[in-house]
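I have placed the structure first, in the form of structure tokens, so that the comments after it can refer back to it.
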Amino acid sequence: MSDQVWPARLSPAASRYLAALEPAVQELVGDILDIASRAPLHWPQWDTSDPEGADLRAAAVGQLSLIYWINRTTEPPHLYVLDIVWAG
2 MSDQVWPARL
12 SPAASRYLAA
22 LEPAVQELVG
32 DILDIASRAP
42 LHWPQWDTSD
52 PEGADLRAAA
62 VGQLSLIYWI
72 NRTTEPPHLY
82 VLDIVWAG
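Residues in the sequence shown are numbered from 2 upward in steps of one, following the numbering used here.
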């Protein structure tokens, strides 16, 4: 995993959590980030009642969720993973 380039930046807490997950789950995280990096607005807004929170997104597949923020000031947008939740 150390030579893998992620299409997003991970918070220190998300990085530590990712390192502790099983390899198959780490691969799923990579797949979700790949999708999110190609279509950042594909995943739903974290809190739809927050008019200023359109760039905070939740990507979920099965028991895995990633919470990320889109920095739209860069081209292409950069994704920052704030948290990873694995309920497996």
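Quick reminder that beta carbons are idealized off the backbone N, C-alpha and C, glycines included.
In the three-state reduction of the DSSP assignment, residue 46 falls in the strand class, which pools E and B. The continuous stretches of alpha helix (DSSP H) do not include residue 66, which lies in the beta strand (DSSP E) extending over residues 65-72.
In the DSSP assignment, the residues bridged to residue 10 are 81. Within the DSSP secondary-structure output, residue 86 pairs in a beta bridge with 66.
A buried status is given to residue 41, since no fewer than 16 other beta-carbon atoms sit within 10 Å of its beta-carbon. By the C-beta criterion, the region 10-22 is judged not to be in contact with the region 45-59, since fewer than 3 inter-stretch pairs fall below 8 Å.
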